[in-house]
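Trainee: 0 is the number of the first residue of the sequence shown in numbering that gives the first Met the number 0; add one for each residue after it.
Heads up, the beta-carbon is just placed ideally off N, CA and C, and yes, glycines get one too.
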Amino acid sequence: MNLTVEGLRAEGWRELRSSGFTTAIGQVLFRTDRGAMEACFIAPDSIGNDNAGGDVVHGGAMMTFADIVLGFAAAKASGNPCCVTVQMTYQFVGAARFGDFVNCRAEIVRVTNSLVFARGLVRAGDQ
Numbered sequence: 000m001n002l003t004v005e006g007l008r009a010e011g012w013r014e015l016r017s018s019g020f021t022t023a024i025g026q027v028l029f030r031t032d033r034g035a036m037e038a039c040f041i042a043p044d045s046i047g048n049d050n051a052g053g054d055v056v057h058g059g060a061m062m063t064f065a066d067i068v069l070g071f072a073a074a075k076a077s078g079n080p081c082c083v084t085v086q087m088t089y090q091f092v093g094a095a096r097f098g099d100f101v102n103c104r105a106e107i108v109r110v111t112n113s114l115v116f117a118r119g120l121v122r123a124g125d126q
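(1) Thinking C-beta only, is C103 closer than 8 Å to A38?
(2) Which two residues bound the contiguous beta strand (DSSP E) that contains I41?
(3) Taking the alpha-carbon positions, what's the I46 to V101 distance?
(4) Inspect the beta-carbon positions of T93 and A105 and report whether they are closer than 8 Å.
(5) Indicate whether at least one CB of chain B lies closer than 8 Å to the CB of M87.
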């Protein structure tokens with residue numbers, strides 16, 4: 000896998016157009032794989048955690064990324080382009096570092112008249 004935005008585009012990843020706070024984590028790319036939405040970004044040093052020192056990505060940036068991916072997947076599953084997060088639980092088991100390829104695969108668990116239940120696994124680097 001070519002870990003540049005250009006290399007990822009060449010492998011079929013497309014730009015996820017976004018605005019506002021969503022742009023804080025940098026360029027997010029996505030693709031559909033076997034019917035599931037998968038998104039990725041290459042962790043820039045602009046989203047570092049000053050309290051962790053070194054090259055650790057801020058957990059808030061990781062949660063933002065997961066929220067973006069699951070939100071877009073929920074919007075697609077519901078057929079409604081406007082949706083908001085009602086509740087989100089996040090458990091960290093490792094850290095992402097600057098330059099890591101970070102990806103999330105969204106899984107839609109259930110769709111009702113007013114809610115979409117989704118889950119995702121975020122991976123960074125070789126983790």
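Mentor: In this structure, then:
(1) yes
(2) A35 to I41
(3) 13 Å
(4) For the sequence presented, residue 93 should be read as Gly rather than Thr. Their beta carbons are not under 8 Å apart, which means G93 does not touch A105 by this criterion.
(5) Absent from the structure is chain B; it holds one protein chain and no more.
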